[in-house]
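The structure appears below as structure tokens.
There are 2 protein chains.
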Amino acid sequence: MTTKDVGRAARRGPYAKSEERRRTILDAAHEVFAAHGYRGGSLQDVADKVGLSQTSLLHYFPSKRDLLMAVLERRDEITGDAFPDDMEEGLVDSVIRTALFNENIPGVVELYTVLCAESVTDSHPGRVYFTERFERLRKSYARRFAELAAQGRLRSDVDPDVAAMSLVALWDGLQTQWLLAPDEVDVVKGLRGYFDLVVLPEPSPDP
Amino acid sequence: MTTKDVGRAARRGPYAKSEERRRTILDAAHEVFAAHGYRGGSLQDVADKVGLSQTSLLHYFPSKRDLLMAVLERRDEITGDAFPDDMEEGLVDSVIRTALFNENIPGVVELYTVLCAESVTDSHPGRVYFTERFERLRKSYARRFAELAAQGRLRSDVDPDVAAMSLVALWDGLQTQWLLAPDEVDVVKGLRGYFDLVVLPEPSPDP
DNA sequence: GTCTATATCAGGATAGAC
DNA sequence: GTCTATCCTGATATAGAC
Numbered sequence: 000m001t002t003k004d005v006g007r008a009a010r011r012g013p014y015a016k017s018e019e020r021r022r023t024i025l026d027a028a029h030e031v032f033a034a035h036g037y038r039g040g041s042l043q044d045v046a047d048k049v050g051l052s053q054t055s056l057l058h059y060f061p062s063k064r065d066l067l068m069a070v071l072e073r074r075d076e077i078t079g080d081a082f083p084d085d086m087e088e089g090l091v092d093s094v095i096r097t098a099l100f101n102e103n104i105p106g107v108v109e110l111y112t113v114l115c116a117e118s119v120t121d122s123h124p125g126r127v128y129f130t131e132r133f134e135r136l137r138k139s140y141a142r143r144f145a146e147l148a149a150q151g152r153l154r155s156d157v158d159p160d161v162a163a164m165s166l167v168a169l170w171d172g173l174q175t176q177w178l179l180a181p182d183e184v185d186v187v188k189g190l191r192g193y194f195d196l197v198v199l200p201e202p203s204p205d206p
Numbered sequence: 000m001t002t003k004d005v006g007r008a009a010r011r012g013p014y015a016k017s018e019e020r021r022r023t024i025l026d027a028a029h030e031v032f033a034a035h036g037y038r039g040g041s042l043q044d045v046a047d048k049v050g051l052s053q054t055s056l057l058h059y060f061p062s063k064r065d066l067l068m069a070v071l072e073r074r075d076e077i078t079g080d081a082f083p084d085d086m087e088e089g090l091v092d093s094v095i096r097t098a099l100f101n102e103n104i105p106g107v108v109e110l111y112t113v114l115c116a117e118s119v120t121d122s123h124p125g126r127v128y129f130t131e132r133f134e135r136l137r138k139s140y141a142r143r144f145a146e147l148a149a150q151g152r153l154r155s156d157v158d159p160d161v162a163a164m165s166l167v168a169l170w171d172g173l174q175t176q177w178l179l180a181p182d183e184v185d186v187v188k189g190l191r192g193y194f195d196l197v198v199l200p201e202p203s204p205d206p
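Quick look at the structure:
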């Protein structure tokens with residue numbers, strides 16, 4: 000079926016190819032922003048990577064800011080960060096699995112770490128994204144910890160809200176140290192250590 | 000005693016005034032880098048704050064990079080981060096006290112958080128500073144936790160090295176969240192929660 | 001020590017030809 | 001959709017007068 004066959008309601012032009020190009024650009028932008036941050040990375044860098052002129056790049060994303068937002072959205076897709084709470088997997092397994100996965104994609108971790116802190120500065124385009132992300136994540140983890148508490152599997156003197164906040168903080172902090180000293184810092188080890196402290200093992204069945 | 004009285008070996012010129020000016024500049028630079036990061040903050044911003052032309056500023060610090068390094072060194076002085084291990088104060092008290100103090104100087108926390116993550120990017124002038132800082136801090140805390148362990152005051156299944164790495168990570172991560180949501184995140188609460196998990200109370204004397 | 005003037009460069013974004 | 005050419009802005013840094 001060619002374009003001509005479709006009739007008047009059809010989309011014209013090589014839409015699929017354009018979408019692919021957009022993805023290519025996003026990958027390149029991802030790399031550039033991860034390596035140099037938002038302010039430090041230039042549109043020219045991205046354009047060079049994808050073999051396009053800087054102006055052609057702006058044909059796909061009308062501004063640098065738009066490009067960043069698209070990169071952040073894409074990050075959510077890659078990492079599944081827009082976190083479906085309905086999964087059957089337990090909190091501990093889910094976190095550890097993701098942390099293990101992240102070891103293979105340091106670029107994604109770097110992007111996240113750099114942009115997160117950069118967004119703390121004045122009027123950064125990513126600020127809303129990270130603020131909302133933290134809020135969502137804290138809520139989500141707090142609910143998970145509360146579930147564990149209901150099952151008697153959370154150490155009794157642990158507040159689920161504090162645990163949620165701390166888990167997010169610990170994870171991010173470990174990743175930062177890992178990026179600066181990958182041979183000395185083990186993110187998964189640190190997370191396991193924390194879970195061992197707050198999560199009790201499954202209760203053994205009554206004899 | 001005036002300069003004339005000192006004889007030929009004396010320093011000439013208003014040395015003290017110059018030193019004061021340098022401190023003023025460092026304070027301004029601190030604010031600017033905290034608010035906009037190293038790349039985002041400009042020498043002009045700093046110059047404006049201190050009421051000097053941009054070129055005059057470069058008279059005191061020959062390059063932007065030099066200015067940043069001086070700001071980081073000054074940060075160590077302010078926070079006492081070059082951590083004298085010889086203090087009598089216990090690890091827990093020391094950390095909590097510093098965290099409480101930090102609540103009053105969000106600018107310093109912001110500078111630290113922003114520059115730390117920015118330094119993860121390629122060839123950032125602050126990279127060495129933060130890498131070394133983390134290494135030093137992990138070592139220092141690990142020794143403190145080991146001391147606690149020797150006193151039987153560390154939970155037995157906790158590795159001092161993991162605890163040190165985790166404490167640093169947790170602290171930094173909490174500060175980041177606090178900067179983005181100061182009303183919802185309590186750094187001290189998070190740290191206390193962690194210490195409650197790993198540090199045991201002083202053993203009661205034998206009956 | 002402080003300034004003006006300027007060199008030099010790079011960034012993002014627009015206009016318009018093809 | 002892609003390019004060249006260009007605009008505009010703002011950055012660091014230097015030269016040299018006062």
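Line by line, the protein sequences give chains S and L. Anchor point for the first sequence: position 153 equals 152 in numbering that gives the first Met the number 0, and the numbering is continuous, going up by one each time. Anchor point for the second sequence: position 98 equals 97 in numbering that gives the first Met the number 0, and the numbering is continuous, going up by one each time. Where is the CB? At the ideal position from N, CA and C, for every residue including glycine. Computed from a predicted model, the values in this text were never measured in an experiment.
Contact criterion: CB-CB distance below 8 angstroms. Does residue i meet it with respect to chain S?
{"i": "residue 68 (chain L)", "result": "no"}
{"i": "residue 235 (chain L)", "result": "The shown model of chain L, from 0 to 206, leaves out residue 235 (chain L), and the question about it has no answer."}
{"i": "residue 117 (chain L)", "result": "yes"}
{"i": "residue 192 (chain L)", "result": "yes"}
{"i": "residue 135 (chain L)", "result": "no"}
{"i": "residue 156 (chain L)", "result": "yes"}
{"i": "residue 172 (chain L)", "result": "yes"}
{"i": "residue 120 (chain L)", "result": "yes"}
{"i": "residue 54 (chain L)", "result": "no"}
{"i": "residue 94 (chain L)", "result": "no"}
{"i": "residue 165 (chain L)", "result": "yes"}
So, for residue i: in the same chain, excluding its five sequence neighbours on each side, which residues have a beta-carbon less than 6 angstroms away from its beta-carbon?
{"i": "residue 162 (chain L)", "result": "144 and 197"}
{"i": "residue 166 (chain L)", "result": "140"}
{"i": "residue 125 (chain L)", "result": "114 and 118"}
{"i": "residue 160 (chain L)", "result": "141"}
{"i": "residue 31 (chain L)", "result": "40, 44 and 45"}
{"i": "residue 49 (chain S)", "result": "23, 24 and 27"}
What is the DSSP secondary structure of residue i, counted as helix, strand or coil?
{"i": "residue 199 (chain L)", "result": "coil"}
{"i": "residue 153 (chain S)", "result": "strand"}
{"i": "residue 54 (chain S)", "result": "helix"}
{"i": "residue 123 (chain L)", "result": "coil"}
{"i": "residue 181 (chain L)", "result": "coil"}
{"i": "residue 189 (chain L)", "result": "helix"}
{"i": "residue 159 (chain L)", "result": "helix"}
{"i": "residue 89 (chain S)", "result": "coil"}
{"i": "residue 60 (chain L)", "result": "coil"}
{"i": "residue 204 (chain L)", "result": "coil"}
{"i": "residue 40 (chain L)", "result": "coil"}
{"i": "residue 224 (chain L)", "result": "Only positions 0 to 206 of chain L appear in this structure, which leaves residue 224 (chain L) out of reach."}
{"i": "residue 103 (chain S)", "result": "coil"}
{"i": "residue 139 (chain L)", "result": "helix"}
{"i": "residue 118 (chain L)", "result": "coil"}
Verify the CB distance criterion: does residue i have a CB-CB separation below 8 angstroms to chain L?
{"i": "residue 35 (chain S)", "result": "yes"}
{"i": "residue 195 (chain S)", "result": "yes"}
{"i": "residue 60 (chain S)", "result": "no"}
{"i": "residue 30 (chain S)", "result": "no"}
{"i": "residue 79 (chain S)", "result": "no"}
{"i": "residue 43 (chain S)", "result": "no"}
{"i": "residue 142 (chain S)", "result": "no"}
{"i": "residue 38 (chain S)", "result": "yes"}
{"i": "residue 150 (chain S)", "result": "no"}
{"i": "residue 129 (chain S)", "result": "yes"}
{"i": "residue 49 (chain S)", "result": "no"}
{"i": "residue 3 (chain S)", "result": "Low per-residue confidence applies at residue 3 (chain S): pLDDT is 45, beneath 50, and the placement is therefore not dependable enough to give any value."}
{"i": "residue 110 (chain S)", "result": "no"}
Skipping 5 residues on each side, what residues in its chain have a beta carbon closer than 8 angstroms to that of residue i?
{"i": "residue 201 (chain L)", "result": "152"}
{"i": "residue 88 (chain L)", "result": "96"}
{"i": "residue 169 (chain S)", "result": "189, 190 and 193"}
{"i": "residue 132 (chain S)", "result": "80"}
{"i": "residue 42 (chain L)", "result": "53, 56, 57, 63 and 66"}
{"i": "residue 199 (chain L)", "result": "151, 152, 153 and 154"}
Does the beta-carbon of residue i, which I'm using as the reference point, lie nearer than 7 angstroms to any heavy atom of the ligand MN?
{"i": "residue 75 (chain L)", "result": "Among the components of this structure there are no ligands whatsoever, and the ligand MN is therefore not found."}
Cutting at 7 angstroms between CB atoms, please list the residues of its own chain near residue i, excluding the five before and the five after it.
{"i": "residue 174 (chain S)", "result": "108, 112 and 186"}
{"i": "residue 8 (chain L)", "result": "Below a pLDDT of 50, predicted positions are generally treated as unreliable, and residue 8 (chain L), at 49, falls in that range; the measurement from the model is reported next regardless. Nothing listed; no residue qualifies."}
{"i": "residue 33 (chain L)", "result": "106, 109, 110 and 113"}
(request) Please confirm if the stretch 70-80 of chain L is in contact with the stretch 19-33 of chain L, defined as three or more CB-CB distances below 8 angstroms between the two stretches. (result) Yes, the stretch 70-80 of chain L is in contact with the stretch 19-33 of chain L.
(request) Taking 8 angstroms as the threshold, find out whether the stretch 104-123 of chain L comes into contact with the stretch 100-114 of chain S through three or more Cβ pairs. (result) By the Cβ rule, the stretch 104-123 of chain L counts as touching the stretch 100-114 of chain S, because three or more pairs are nearer than 8 angstroms.
(message) Tell me whether the stretch 13-22 of chain L and the stretch 165-179 of chain S touch, counting them as touching only if at least three CB pairs, one residue from each stretch, are closer than 8 angstroms.
(response) No, they do not touch.
(request) Examine the Cβ distances between the stretch 40-58 of chain S and the stretch 126-135 of chain S and report whether three or more of them are shorter than 8 angstroms. (result) When Cβ pairs closer than 8 angstroms are counted between the two stretches, the stretch 40-58 of chain S is seen not to touch the stretch 126-135 of chain S, the count staying below three.
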